[in-house]
Amino acid sequence: MGMYLQLVAVSDTTIERLRADPALAWQLVTPDEPERVVAARAESR
Numbered sequence: 818m819g820m821y822l823q824l825v826a827v828s829d830t831t832i833e834r835l836r837a838d839p840a841l842a843w844q845l846v847t848p849d850e851p852e853r854v855v856a857a858r859a860e861s862r
């Protein structure tokens with residue numbers, strides 16, 4: 818089992834977007850898996 822830490826610098830505008838739509842955080846964490854955003858939005862409903 819392996820673990821890693823990924824740090825991402827984001828602008829104030831991006832932070833505002835993330836606060837308005839928390840599911841977008843998955844785009845930062847897993848940009849190659851857009852279905853994660855869709856699944857997170859479905860869970861929040």
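Start counting the sequence shown at 818; every next residue gets the next number (our numbering).
Note that CB positions come from ideal geometry on N, CA and C, so glycine has one too.
Every value quoted in this text rests on a predicted model; they were computed, and no experiment measured them.
message = Once the 5 residues before and after residue 834 are set aside, which same chain residues still bring their CB inside 8 angstroms of it?
response = Counted from its first residue, the sequence shown places residue 834 at position 17. 841.
query = Taking the alpha-carbon positions, what's the residue 844 to residue 818 distance?
reply = Mapped onto the sequence shown, residue 844 falls at position 27. Mapped onto the sequence shown, residue 818 falls at position 1. One C-alpha to the other measures close to 24 angstroms.
ask   = From this set, 837, 861, 847 and 830, which residue's C-alpha is nearest residue 824's C-alpha?
value = As a position in the sequence shown, residue 824 is number 7, starting the count at 1. That would be 847, whose Cα lies nearest to the Cα of residue 824.
task = Please state whether DSSP places residue 825 in a helix, a strand or coil.
result = Position 8 of the sequence shown holds residue 825. DSSP places residue 825 in coil when its eight states are reduced to three.
ask   = Leaving out the 5 sequence neighbours to the left and right, which residues in its chain are closer than 6 angstroms to residue 857 when beta-carbon positions are compared?
value = In the sequence shown, the residue the question calls residue 857 occupies position 40. For residue 857, where only same-chain residues beyond five positions count, the Cβ hits under 6 angstroms are 840 and 843.
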